[in-house]
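The structure under discussion appears below in the form of structure tokens.
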Amino acid sequence: METPFQHMLDTNAVPSDSECQHIHDFLAAPQQELIAISKQIQELVQKQDELNHLINSHRALVSLARRLPDDVMRAVFIAALPSSHNAIMDLAEPPLLFCAVSRAWRSLAISTPRLWASLHVVAPPDHRSLQVNDAVATWLSRSGSLPLSISVACSQAQAPVSVSALLETLLPFASRWHHLMLSLHGSYQAFAPLEDLDPEDVPILATILIDGLEGVEAPVADAEYLNCVRFADAPTVHSVALRCIARPGELPLSWATLRRFTFGGPGTKALSTRRALELLRKSPALEFCTLNVVDRTASRIPDTPPVRSERLQHLCVVDRSGAIKLFDQLDLPALRSLEYETREHVPALPFLPLLARTNNLVRLSVKLADAAAATLAEALQLVPTLEELTLHKKPPSDLEARSTKDDPIFRLLTPASSTPPLCPRLQRLSLAHFAADSGSALLALLHARASDRDGPRAVARLQSIRATLPRRALLDVDAQIAPLVARGLHAVLRYAPRTPARAAYSPSDGLQAHDADWQPISASWDSEGSRRGRVVA
Numbered sequence: 320m321e322t323p324f325q326h327m328l329d330t331n332a333v334p335s336d337s338e339c340q341h342i343h344d345f346l347a348a349p350q351q352e353l354i355a356i357s358k359q360i361q362e363l364v365q366k367q368d369e370l371n372h373l374i375n376s377h378r379a380l381v382s383l384a385r386r387l388p389d390d391v392m393r394a395v396f397i398a399a400l401p402s403s404h405n406a407i408m409d410l411a412e413p414p415l416l417f418c419a420v421s422r423a424w425r426s427l428a429i430s431t432p433r434l435w436a437s438l439h440v441v442a443p444p445d446h447r448s449l450q451v452n453d454a455v456a457t458w459l460s461r462s463g464s465l466p467l468s469i470s471v472a473c474s475q476a477q478a479p480v481s482v483s484a485l486l487e488t489l490l491p492f493a494s495r496w497h498h499l500m501l502s503l504h505g506s507y508q509a510f511a512p513l514e515d516l517d518p519e520d521v522p523i524l525a526t527i528l529i530d531g532l533e534g535v536e537a538p539v540a541d542a543e544y545l546n547c548v549r550f551a552d553a554p555t556v557h558s559v560a561l562r563c564i565a566r567p568g569e570l571p572l573s574w575a576t577l578r579r580f581t582f583g584g585p586g587t588k589a590l591s592t593r594r595a596l597e598l599l600r601k602s603p604a605l606e607f608c609t610l611n612v613v614d615r616t617a618s619r620i621p622d623t624p625p626v627r628s629e630r631l632q633h634l635c636v637v638d639r640s641g642a643i644k645l646f647d648q649l650d651l652p653a654l655r656s657l658e659y660e661t662r663e664h665v666p667a668l669p670f671l672p673l674l675a676r677t678n679n680l681v682r683l684s685v686k687l688a689d690a691a692a693a694t695l696a697e698a699l700q701l702v703p704t705l706e707e708l709t710l711h712k713k714p715p716s717d718l719e720a721r722s723t724k725d726d727p728i729f730r731l732l733t734p735a736s737s738t739p740p741l742c743p744r745l746q747r748l749s750l751a752h753f754a755a756d757s758g759s760a761l762l763a764l765l766h767a768r769a770s771d772r773d774g775p776r777a778v779a780r781l782q783s784i785r786a787t788l789p790r791r792a793l794l795d796v797d798a799q800i801a802p803l804v805a806r807g808l809h810a811v812l813r814y815a816p817r818t819p820a821r822a823a824y825s826p827s828d829g830l831q832a833h834d835a836d837w838q839p840i841s842a843s844w845d846s847e848g849s850r851r852g853r854v855v856a
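So our numbering is basically just the index in the sequence shown, starting at one, shifted up by 319.
Pasting the structure below:
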């Protein structure tokens, strides 16, 4: 657009008073034109929205979702349910989400019992108790006659919660309880509604998890607790997980037929070695067992034959202060998976006696405060059948993080032509917090196990590697292993976050937001200068 002020535009020229008036007069017409164009744009945008709405509304009428048969839609709804936990009472999550889409979807969802056969419910504050409990009853009534998976937790809100009223709402459905998780924090009184529940009242109950009694230690309270959970003695129960109870072996459970038992978690008192052995001895059918163990009274262990469990395939031990006596007393011929975790410094791995008596171990997980290569080598030499190995140690301290050496564990696991390889059948490897600063040791390990080898030094091809490294290596490991990944290696390499660099000097350091009524000194200077009729620079 032509302008008489073209020679002044984009310069530092200062127009005179008369030129300023001419500029204002000149801009009147362009401003009116701009207003007209803006109005046209708004009208076009509105027209565009109307057309989009018209088109989308008609496309919805012929959409595939409206034409799918009901049985297909039900299958889609069921597939959308969470797989790692029970369904939650949230309008933004299935199945309640489906009920908010349309009247047809709501009717279809409500008439699909499988959508309502699982429920995670949080015990509500007192003022919402009636509302939530009614919703729970309505939810479960839609599940028809299907087995139920129910998990109950306490609210993290500060308001008092009504656990007892919620349990009373669940009791009419006890005959269909199949999986039950009770995470009730507070006292044994929370379990009071379950006192009258007998094993016969839960004919299909299979798994139980009870958590949240860390605040009660009195023996009398233990007795009350035993009475409240006597329904757990149902012969159909095959899996039990317990936390926060002092003497789990006294629980009324069908120990002789129990297949899975987990005892541990935050707030849980560790079992003594003697009690752990007693529990294992009375559970000959166990296939999976997790125990928190402390060896305070090792000298009191009776001189009895080792505990032999013919079926136990997976054992996880969280060692609070040295459980070597436990492993000395175990004979597990069917053991295929062993997990060991401790935060204590252990000069020697306490489970070596068990490994020496095991011939079928395919999975080993060891999580230690520190891990000497020689100690780990001693253990790995005892399990040539190993296919999956997890080795974790605590993150390095600031002083250790300055080291630039590769951890010996990489060389230990790298097959060599001169010596028999450790773990010749290894296919899956997970490492955490072992330094690989140069990257060469890690690359040598991966390349040496990149393909199957025959002969006396045969090793299986490594299928997956997961490693959390303290920092990035000097070599670009990700680029170097790209050919191995292309040939089928699944590699996940993570790096600890770098320490933030020291900030550079800035003249704005120390500035921060202040209250609205606070005025900097310069503002008072400006005000004072204005009153005096002079400009303050």
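Even for Gly, the Cβ is constructed at its ideal location relative to N, Cα and C. These figures come from a predicted structure and were not determined experimentally.
Identify, in the order they occur along the chain, each residue of the same chain with its Cβ nearer than 6 Å to the Cβ of ALA264, setting aside the five sequence neighbours on each side.
Lying before the first or after the last residue shown, residue 264 is absent from the chain, which here runs from 320 to 856.
Measure from the alpha carbon of SER460 to the alpha carbon of each residue in LEU490, ALA484, SER474, CYS473, then state which is nearest.
Considering only alpha carbons, the answer is LEU490.
What is the C-beta distance between VAL681 and GLU697, in whole angstroms, given that I count them as a contact (C-beta under 8 Å)?
Between GLU697 and VAL681 the Cβ distance is about 19 Å, and since that is not below 8 Å, they are no contact.
Identity of the residues DSSP links to ILE800 by a beta bridge
Answer is none; ILE800 lacks a bridge partner.
What residue does the beta strand (DSSP E) around SER502 start on, and which one ends it?
Start and end: 496-502.
Secondary structure at SER711, three-state DSSP: helix, strand or coil?
Here residue 711 turns out to be His, not Ser, going by the sequence shown. It is a strand residue.
Please classify GLY807 as buried or exposed, where buried requires at least 16 other C-beta atoms within 10 Å of its C-beta.
Per the 10 Å Cβ criterion, exposed.
Return helix, strand or coil for VAL535, following the three-state DSSP convention.
Only weak support exists for where VAL535 lies, its pLDDT of 44 falling under 50; the value from the coordinates is given anyway. DSSP places VAL535 in coil when its eight states are reduced to three.
Do LEU673 and LEU649 count as a contact pair if the criterion is CB distance below 8 Å?
The Cβ atoms of LEU649 and LEU673 lie closer than 8 Å to each other.
Could you tell me the alpha carbon to alpha carbon distance between ALA428 and LEU415, rounded to whole angstroms?
Taking the straight line joining both Cα atoms gives about 8 Å.
Cβ of GLU663 within 8 Å of Cβ of SER640?
It is a contact, given that the beta carbons lie within the stated cut-off.
Write down every uninterrupted run of the alpha helix (DSSP H) in the segment 350-402 whose length is 4 residues or greater and which is fully enclosed by it, in chain order.
Entirely contained in the segment 350-402, the alpha helix (DSSP H) runs reaching 4 residues are, in chain order, 383-386, 389-398.
Does the distance from the C-beta atom of CYS283 to that of LEU750 stay below 8 Å?
For residue 283 there is no data in the structure shown, the boundaries of the chain being 320 and 856.
Whole angstroms are fine: how far does the CA of LEU781 sit from the CA of ASN679?
Going from the Cα of ASN679 to the Cα of LEU781 covers about 19 Å.
Can you give me the Cβ contacts of ALA688 inside the same chain, cut-off strictly under 6 Å, excluding the 5 residues immediately before and after it?
For ALA688, where only same-chain residues beyond five positions count, the Cβ hits under 6 Å are ARG662, HIS664, LYS713.
Starting from ASN452, follow the alpha helix (DSSP H) in both directions and report where the run begins and ends.
From DSSP, the alpha helix (DSSP H) with ASN452 extends over 448-460.
Could you tell me the alpha carbon to alpha carbon distance between ILE260 and PHE510, rounded to whole angstroms?
The question about residue 260 has no answer, for the chain in this structure spans 320 to 856.
How big is the Cα-Cα spacing for SER736 and ALA767?
Cα-Cα distance, rounded: 10 Å.
How far does the alpha helix (DSSP H) with THR488 in it reach, from first residue to last?
Start and end: 482-489.
How is ASN611 classed by DSSP in three states: helix, strand or coil?
Strand at ASN611.
Alpha carbon of ARG791 to alpha carbon of LEU708, nearest angstrom
Just so you know, the alpha carbons of ARG791 and LEU708 end up roughly 23 Å apart.
Kindly list the residues whose CB is nearer than 7 Å to the CB of GLU514, restricted to its own chain and excluding five residues on each side of it in sequence; keep chain order.
The residues are ASN546, CYS547.
Length of the line joining the Cα atoms of PRO432 and ILE397
The C-alpha of ILE397 is placed about 10 Å away from the C-alpha of PRO432.
Measure the alpha-carbon distance for PRO512 versus PHE550 and round it to whole angstroms.
The alpha-carbon of PRO512 is positioned some 12 Å away from that of PHE550.
Distance, GLN361 Cα to ILE354 Cα:
Rounded to whole angstroms, ILE354 to GLN361 spans 11 Å at the Cα level.
Cβ-based burial, VAL796 [other Cβ within 10 Å; buried from 16]:
VAL796 is buried by the Cβ-count criterion.
Proximity of LEU438 and VAL455 at Cβ, strictly below 8 Å
Taking the C-beta atoms as reference points, VAL455 is found nearer than 8 Å to LEU438.
For SER426 and LEU383, I'd like the C-alpha separation in whole angstroms.
Between the C-alpha atoms of SER426 and LEU383 there is a straight-line separation of about 18 Å.
Where SER426 falls: helix, strand or coil (DSSP):
Here SER426 sits in helix by DSSP.
Give me the Cβ distance between HIS497 and ILE523, rounded to the nearest whole Å; I'm assuming they're in contact under 8 Å.
Contact flag correct, Cβ pair sits at about 5 Å.
Indicate whether LEU503 and VAL482 have their beta-carbon atoms separated by less than 8 Å.
Between LEU503 and VAL482, the gap from beta carbon to beta carbon is short of 8 Å.
Could you compute how far the alpha carbon of ALA754 sits from the alpha carbon of ARG813?
ALA754 and ARG813 have their alpha carbons spaced roughly 12 Å apart.
Assigned exposure category for LEU370 - 16 Cβ within 10 Å defines buried:
Its Cβ having fewer than 16 others within 10 Å, LEU370 is exposed.
What are the boundary residues of the beta strand (DSSP E) that includes LEU812?
Note, LEU812: beta strand (DSSP E), 809-814.
Do ARG578 and ALA604 have their C-beta atoms closer together than 8 Å?
In contact: ARG578 and ALA604 (Cβ atoms closer than 8 Å).
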